[in-house]
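Please read the structure below before turning to the comments.
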Amino acid sequence: MDFLSQRALVGGSTQGIGRAVAEELARRGATVTLLARNETTLREAAAALPTPAGQAHDYLVADFSQPNQLQEQLQAYLQRHPEGVDILVNNTGGPAGGPILDASIDAFRAAFEQHLICNHLLAQAVVPGMQRRAYGRIINIISTSVKQPLPGLGVSNTIRAAVANWAKTLANELGSHGITVNNVLPGATVTQRHTSLIEKKTEQTGQSVEEVEATMLKLIPAGRFGQAAEVAAAVAFLASSAAGYITGINVPVDGGRTGNL
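Note that our numbering has the sequence shown beginning at 682, numbered continuously upward.
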């Protein structure tokens, strides 16, 4: 599972799961392009990535709330890197929580653009190069809500499911080109989003952080929250040549929390 001479483009990669994925791929020899909206944090994160093979990591500044800007940035990026991308990891922060009936139409539109539309633009940009090489890996970081909707995450549940079905359709279309498309579904993983969801729950219920966490942990057979590095390990496997016959699937990394196969 090494990625020497391969280039990876990783979204949402200045923190949390995205950063853990970028670090794991870099540690295994990939040259990584970080993708996020804050240039300062991108520069710092790129400089901190491992370089065991002397890689020259870089970054791409784009705001997923502005798909047209992303498209322009991708065109410029591919002019700088005509060799293209071998591994695309689609990842971005989840929509705000709340009951689905309370969600505004604009919230659905914004989430659809930030998740599905931007994933689609990224795939459209990198797939032609993958097709020329008859090799590629596309991995989408989504959520276990794809398999079992989560309470209080109405917009997220809806949009994540759309992304999963988009990915399955793409997997079917690209399978004959040596390109795999898979989804990794993190469960309760220690990230900034995880912390913010717990804090919101404490505000809603009046419970302490410890009480909220204890309630969450009762639903996880593993008895603990996941770490971003554990999700990154699953991504690295799916990105490897060893996973060449695995495509179009959802892989929960959730300590057994999801209540179905």
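No residue lacks a Cβ here, since even glycine has one placed at the ideal position from N, Cα and C. Since this is a predicted model, take the numbers as computed values, not measurements.
Cut-off 7 Å between Cβ atoms - residues of its own chain near Ala-914, not counting five sequence neighbours on either side: As a working mapping, residue 914 is identified with position 233 in the sequence shown. Excluding positions up to five away in sequence, the list reads Glu-705.
Expected contact under 8 Å - CB spacing of Val-865 and Val-912 to nearest Å: Counting from one through the sequence shown, the residue named residue 865 turns up at place 184. Counting from one through the sequence shown, the residue named residue 912 turns up at place 231. Contact holds; Cβ gap of about 6 Å.
Within the stretch 790-819, ranges of the alpha helix (DSSP H) (whole runs, at least 4 residues): 799-814
Tyr-740, enclosing beta strand (DSSP E) - first and last residue: Along the sequence shown, read from residue 1 onward, the residue named residue 740 stands at position 59. Run containing Tyr-740: 739-742, per the beta strand (DSSP E) assignment.
Continuous alpha helix (DSSP H) stretch holding Asn-853: start and end: The count along the sequence shown starts at 1 and reaches residue 853 at position 172. Looking at the DSSP string, the run of the alpha helix (DSSP H) that includes Asn-853 is 835-855.
The ligand SAM heavy atom lying under 7 Å from the CB of Val-691: For the structure depicted, the ligand SAM is absent and the ligand set is empty, with no information on it obtainable.
Own chain, CB closer than 7 Å to Arg-709, minus 5 neighbours either side, in chain order: In the sequence shown, counting from the first residue as 1, residue 709 sits at position 28. Around Arg-709: Met-682, Asp-683, Phe-684, Ala-917.
Neighbourhood of Ala-727 by C-beta distance below 7 Å, restricted to the same chain and skipping five residues each side: The count along the sequence shown starts at 1 and reaches residue 727 at position 46. The residues are Leu-715, His-738, Asp-739, Tyr-740.
Alpha-carbon to alpha-carbon, Leu-782 and Val-836: In the sequence shown, counting from the first residue as 1, residue 836 sits at position 155. In the sequence shown, counting from the first residue as 1, residue 782 sits at position 101. Roughly 9 Å between the two C-alpha positions.
Residue from Arg-905, Gly-940, Gly-937, His-796 with nearest C-alpha to Ala-843: The count along the sequence shown starts at 1 and reaches residue 843 at position 162. Out of Arg-905, Gly-940, Gly-937, His-796, His-796 has the C-alpha closest to the C-alpha of Ala-843.
Unbroken beta strand (DSSP E) run spanning Arg-688, endpoints: For this step, residue 688 is matched to residue 7 along the sequence shown. Taken as a continuous stretch (DSSP letters only), the beta strand (DSSP E) holding Arg-688 covers 688-692.
Cβ distance (whole Å) where Ala-729 is taken to contact Thr-695 below 8 Å: Here the question's residue 729 lines up with position 48 in the sequence shown. Here the question's residue 695 lines up with position 14 in the sequence shown. With 8 Å as the limit, Ala-729 and Thr-695 do not qualify as a contact, their Cβ atoms being about 10 Å apart.
Continuous alpha helix (DSSP H) assignments of at least 4 residues falling wholly in the stretch 732-790: 748-761
Beta-carbon proximity check, Val-934 vs Gly-907, cutoff 8 Å: Start at 1 with the first residue of the sequence shown, and residue 934 comes out as number 253. Start at 1 with the first residue of the sequence shown, and residue 907 comes out as number 226. Cβ atoms of Val-934 and Gly-907: closer than 8 Å.
Other residues of its chain near Ala-910: CB distance less than 6 Å, five sequence neighbours each side excluded: In the sequence shown, residue 910 corresponds to position 229, counting from 1. Counting only Cβ-Cβ distances below 6 Å, and skipping sequence neighbours, we find Ala-701.
DSSP state of Ile-860 mapped onto helix, strand, coil: Looking up residue 860 in the sequence shown gives position 179. If DSSP states are grouped into helix, strand and coil, Ile-860 belongs with the strands.
Start-to-end residues for the alpha helix (DSSP H) that takes in Ala-914: Translated into positions along the sequence shown, residue 914 becomes position 233. 909-920 is the span of the alpha helix (DSSP H), which, as asked, contains Ala-914.
According to DSSP, residues forming a beta bridge with Thr-883: What you label residue 883 is simply residue 202 of the sequence shown in a count that begins at 1. DSSP, once it has assigned bridges, lists no residue as partnering Thr-883.
Given 8 Å, three or more beta-carbon pairs between the stretch 818-831 and the stretch 760-770: yes
Beta-carbon proximity list for Leu-802, same chain, < 8 Å, skipping 5 on both sides: Residue numbering aside, residue 802 sits at position 121 when the sequence shown is read from its first letter. Pro-748, Leu-751, Gln-752, Leu-755.
Where Leu-946 falls: helix, strand or coil (DSSP): Nothing can be reported for residue 946: it is not among the residues displayed for the chain, which extend from 682 to 942.
Selection from Gly-937, His-875, Gln-888 that minimises the alpha carbon distance to Pro-902: Residue numbering aside, residue 902 sits at position 221 when the sequence shown is read from its first letter. Selected option, being the one with the closest Cα: Gly-937.
Beta-ladder partner(s) of Ala-717, from DSSP: For the purposes of this step, residue 717 is taken as residue 36 along the sequence shown, with counting starting at 1. Paired residue(s): Val-742.
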